[in-house]
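Below: one structure, written as structure tokens.
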Amino acid sequence: MVDPTTSRLALSLPGFEHVKRAWNEAYGAYSARLNPGEYYVTKNDEAIYTTLGSCISACIRDRVSGIGGMNHFMLPASSEEGGWKAAGLGSATRYGNFAMEHLINEILKNGGNRQNLEVKLFGGGRIIANMTDVGKRNISFARDYIETEGLRVTSEDVGEVYPRMVVYFPNSGKVRVKRLRSLHNNTIADQETRYLQTIEKKPVSGDIELF
Amino acid sequence: MSTNITGLVKDVGSLVTLPDVFIRINELVENPDSTVAEIAKVVSQDPSFTVRLLRVANSSFYGFSSTVDTVPKAISIIGTSQIRSLALATSVASAFDGLPNSLVSMHDFWKHSLYCALIARILAKKAKRCDPDAVFTAALLHDIGELVIFNRMPKPAQDAILLVLDSGDEMPIYLAERQIIGFDHAQVGGELARQWKLPPMLEECVEFHHDIRGELRYPREVALVHIANVLALMAEVHTFDPQDVPPIDSLGWEMVGLTPDEVINEAISEAEEEISEAEQLFLGK
């Protein structure tokens, strides 16, 4: 366990300086807080945490070197039902690809080895009743993506009706998933709706940067 | 906007009112000279409460072996004080229909409250020495202050929720409320109970369910609601892991004389079995 009085906040990898990090007493570690649409990759012994409603987070790490990270995304609802599955087509899938590629590429770029990657999946809950199950779409997308990439999901907690708090320690691979009480549903759904509006307004370009 | 508790509760006074039938039963129960016949008369004058009372009396909630088909019979086997509890329990959810909010659905809100009530009742039966029906009602009411805060001050209320989420769900909501608003939902609920002139036991349970270490007149009942609140959160997210929810004050277990390991899983499981029927009985329109 890291002692906050003697340990300092280790530098983040280039490109992740904007992610908010603070000492978290309960985790005994510095912790990066991810908002919808963000991702974070680290070599440090630190935690990454986020809250998920119908959004999904992939937690990916090199299980040998401990380099790893987390993303937090959802597919825009604008695509036609069923159409999103055709790989590479439509802005919806493009957005999911973008979130997954970025996470994996950053890990590889910083010394991660593709055959050591392990993946954990969380989120995709149906937290608001009487709405189309967008969580389910996000889950299917993430599973399809991981399968296509030849990677394997080693653990997951997805679907159902709960929002979740996910805390990931890439160094050890440890994950803590806490289902959240319904009191938080609307607030989390609000955050996700606002995020969805920003990505629907500004769809990602067709090209994904490859490293 | 009112920034103090009394003003806040006064503001909603006309929007949330208790039904006449409860107020009249409450007066009769408080008066030692009143009779079962008088209470039965008051009940019978409210057909919708009469129906709800008989439904509850004949449900597995009480498990009486014979059919309870008349109001006097219901009162004599359930008890006059318990009838008062039931009158409040079956009407409180609809009393708050006039106080909507955009932060939590009424369904989700009352489901948590009902889980708390069911678990408090189960624990009260095990612990003995407390009236299970009174504790049930106290637990059902424990978060009413939240509905007042959510309706009157939605922005600070949401900021408090965001603070909880930012802490990784480590900070309890009442502490986030104190930090952002200056007071918490338990204090607001306590004030509402006072203005409604509810029995002091209910008032104390509502006001101190997060903070059981003060000088209390009803320490056991308050402790039961405190414990039941946390177990209700466990039931809500289907977990038996105490790490998933805020801690229970160990003093609470001492007060009620129960051993956590012996009762937690059983109480949660039992409440999960009862919840659907209870929703029909207490939250149904």
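These protein sequences, in sequence, are chains A and B. Just so we're aligned: 164 in the numbering used here is position 164 of the first sequence, and the numbers increase by one with no gaps anywhere. Just so we're aligned: 98 in the numbering used here is position 98 of the second sequence, and the numbers increase by one with no gaps anywhere. Just so it is clear, CB atoms sit at the ideal spot from N, CA and C, and this is done for glycine as well. None of these values were measured; they are calculated from a predicted model.
*asked:* How far does the beta strand (DSSP E) with Asn24 of chain A in it extend, from its first residue to its last?
replied: Counting from one through the first sequence, the residue named residue 24 of chain A turns up at place 24. Unbroken beta strand (DSSP E) run through Asn24 of chain A: 20–24.
*Between the C-alpha atoms of His107 of chain B and Phe240 of chain B, what's the straight-line distance to the nearest angstrom?*
The residue you call residue 107 of chain B lines up with position 107 of the second sequence. The residue you call residue 240 of chain B lines up with position 240 of the second sequence. Approximately 23 angstroms, taken between the alpha carbons.
*Can you name, in chain order, every residue of its own chain whose Cβ lies under 6 angstroms from the Cβ of Glu274 of chain B, other than the five neighbours on each side?*
Position 274 of the second sequence, counting from 1, holds the residue named residue 274 of chain B. Closer than 6 angstroms at Cβ, skipping near neighbours: Leu118.
*Could you list which residues in chain B have their beta carbon closer than 7 angstroms to that of Asn24 of chain A, in chain order?*
Locating residue 24 of chain A in the first sequence gives position 24, counting from the first residue. Within 7 angstroms Cβ-Cβ: Gly168.
*Looking at C-alpha atoms only, which residue of B:Glu38, B:Lys73, B:Thr137 is the closest neighbour of Leu54 of chain B?*
Along the second sequence, one-based indexing puts residue 54 of chain B at 54. When each option's Cα is compared against that of Leu54 of chain B, the closest is B:Lys73.
_Minimum C-alpha distance to Ser44 of chain B - residue among B:Ile25, B:Gly257, B:Asp133_ = Your numbering for residue 44 of chain B matches position 44 in the second sequence. The shortest Cα separation from Ser44 of chain B among B:Ile25, B:Gly257, B:Asp133 belongs to B:Ile25.
*Candidates B:Asp97, B:Gln179, B:Leu192, of which the one nearest Thr6 of chain B by Cα*: In the second sequence, residue 6 of chain B corresponds to position 6, counting from 1. For Thr6 of chain B, the nearest C-alpha among the options comes from B:Leu192.
*Taking C-beta to C-beta, are Val166 of chain A and Leu13 of chain A nearer than 8 angstroms?*
Within the first sequence, the letter at position 166 stands for residue 166 of chain A. Within the first sequence, the letter at position 13 stands for residue 13 of chain A. Result no, Cβ atoms of Val166 of chain A and Leu13 of chain A do not sit closer than 8 angstroms.
*At a cut of 8 angstroms, does the region 166–181 of chain B reach the region 125–136 of chain B through at least three beta carbon pairs?*
no
*Got a sec? Which residues, its chain only, sit under 6 angstroms from Asn58 of chain B by beta carbon, not counting five neighbours each side?*
Position 58 of the second sequence, counted from the first residue, corresponds to residue 58 of chain B. Answer for Asn58 of chain B: Val68, listed in chain order.
_Closer than 7 angstroms at the beta carbon, the chain A residues around Thr3 of chain B_ = As a working mapping, residue 3 of chain B is identified with position 3 in the second sequence. None at all; the shortest Cβ gap to chain A is about 22 angstroms.
_Inside the region 150–223 of chain B only - alpha helix (DSSP H) runs reaching at least 4 residues_ = 154–166, 173–180, 185–195, 200–208
_According to DSSP, is Ala47 of chain A part of a helix, a strand, or is it coil?_
Along the first sequence, read from residue 1 onward, the residue named residue 47 of chain A stands at position 47. Three-state DSSP puts Ala47 of chain A in a strand.
*asked:* Using a Cβ-Cβ cutoff of 7 angstroms, what residues of the region 148–177 of chain A are near chain B? List them in chain order.
replied: Tyr162, Met165, Val167
_Whole-angstrom distance between Asn35 of chain A and Tyr162 of chain A, CA atom to CA atom_ = Numbered from its first residue, the first sequence carries residue 162 of chain A at position 162. Numbered from its first residue, the first sequence carries residue 35 of chain A at position 35. Going from the Cα of Tyr162 of chain A to the Cα of Asn35 of chain A covers about 18 angstroms.
*asked:* When you compare the CB of Gln158 of chain B with every CB in chain A, is at least one pair closer than 8 angstroms?
replied: Numbered from 1 along the second sequence, position 158 holds the residue referred to as residue 158 of chain B. Chain A, which has a Cβ nearer than 8 angstroms to the Cβ of Gln158 of chain B, makes this yes.
*Express the C-alpha separation of Asn44 of chain A and Ala10 of chain A in angstroms, rounding to a whole number.*
The residue labelled residue 10 of chain A in the question sits at position 10 within the first sequence. The residue labelled residue 44 of chain A in the question sits at position 44 within the first sequence. Answer to the nearest angstrom: the Cα atoms are 7 angstroms apart.
_Against chain B, with Cβ distances strictly below 8 angstroms, would Glu81 of chain A count as a contact?_
Counting from 1 along the first sequence, the entry for residue 81 of chain A is found at position 81. Confidence in Glu81 of chain A is poor, its pLDDT being 47 and thus under 50, which makes the residue's placement unreliable; the coordinate value appears in the next sentence. Chain B, which has no Cβ nearer than 8 angstroms to the Cβ of Glu81 of chain A, makes this no.
*Within its chain, find whatever has a CB closer than 6 angstroms to the CB of Asn151 of chain B; leave out the 5 residues flanking it on each side and keep chain order.*
The sequence position of residue 151 of chain B within the second sequence is 151, counting from 1. Cβ neighbours of Asn151 of chain B beyond the five flanking positions: Leu99, Asn101.
*Locate the beta strand (DSSP E) running through Thr154 of chain A, then write down its first and last residues.*
Taking the first sequence and counting its residues from 1, one reaches residue 154 of chain A at position 154. That run of the beta strand (DSSP E) goes 153–158.
*Using the C-alpha atoms, what's the distance from Gly68 of chain A back to Glu204 of chain B?*
If you number the second sequence from 1, residue 204 of chain B lands on position 204. If you number the first sequence from 1, residue 68 of chain A lands on position 68. So the two alpha carbons sit approximately 50 angstroms from each other.
*With DSSP as the reference, please indicate the residues paired to Gly68 of chain A in a beta bridge.*
Here residue 68 of chain A refers to the residue found at position 68 when the first sequence is read from its first residue. Answer is A:Thr42, A:Arg61.
*asked:* On a Cα-Cα basis, can you pick out the residue from B:Val222, B:Gln187, B:Ser14 that is closest to Cys130 of chain B?
replied: Counting from one through the second sequence, the residue named residue 130 of chain B turns up at place 130. Looking at the Cα atoms, B:Val222 is the closest of the given residues.
_Beta carbon proximity, Ser182 of chain A to chain B, threshold 8 angstroms_ = What you label residue 182 of chain A is simply residue 182 of the first sequence in a count that begins at 1. Chain B contact via Cβ: present.
*Amino acids of chain A, ordered along the chain, whose beta-carbon sits closer than 8 angstroms to that of Asp97 of chain B*: Taking the second sequence and counting its residues from 1, one reaches residue 97 of chain B at position 97. Ordered by position in chain A, no residue passes the 8 angstroms Cβ test against Asp97 of chain B, which lies about 18 angstroms from the chain.
*asked:* Does the CB of Tyr49 of chain A have a neighbour CB from chain B at under 8 angstroms?
replied: Translated into positions along the first sequence, residue 49 of chain A becomes position 49. So yes, Tyr49 of chain A belongs to the interface.
*For Tyr168 of chain A, the three-state DSSP class (helix, strand or coil)*: Along the first sequence, one-based indexing puts residue 168 of chain A at 168. Note: Tyr168 of chain A maps to strand in three-state DSSP.
*By how many angstroms is the C-alpha of Tyr195 of chain A removed from the C-alpha of Ala87 of chain A?*
For this step, residue 87 of chain A is matched to residue 87 along the first sequence. For this step, residue 195 of chain A is matched to residue 195 along the first sequence. Low confidence applies here, because Ala87 of chain A scores a pLDDT of 41, under 50, leaving its location unreliable and the question unanswered by this model.
*CA-to-CA distance, Phe208 of chain B to Arg220 of chain B, given in whole angstroms*: Against the second sequence, residue 220 of chain B aligns to sequence position 220. Against the second sequence, residue 208 of chain B aligns to sequence position 208. Roughly 12 angstroms separates the two Cα atoms.
*Any chance the CB of Glu25 of chain A is under 7 angstroms from a heavy atom of the ligand SAH?*
Inclusion of the ligand SAH in the displayed structure is not the case, the ligand content being empty and no account of it being possible.
*Along the chain, which unbroken stretches of the alpha helix (DSSP H) at least 4 residues long are found entirely within the region 27–65 of chain B?*
36–44, 47–57
*Test: Ile181 of chain B CB closer than 8 angstroms to a CB of chain A*: The count along the second sequence starts at 1 and reaches residue 181 of chain B at position 181. Output row for Ile181 of chain B: interface = no.
*When we look at the beta-carbon of Ser79 of chain A and count the other beta-carbons within 10 Å, is it buried (16 or more) or exposed?*
Start at 1 with the first residue of the first sequence, and residue 79 of chain A comes out as number 79. In this prediction, Ser79 of chain A has a pLDDT of 47, which is less than 50 and means its spatial position is unreliable; nothing more can be read from the coordinates.
*Would you mind reading off the limits of the beta strand (DSSP E) that contains Arg179 of chain A?*
The residue you call residue 179 of chain A lines up with position 179 of the first sequence. Here the beta strand (DSSP E) through Arg179 of chain A covers 174–179.
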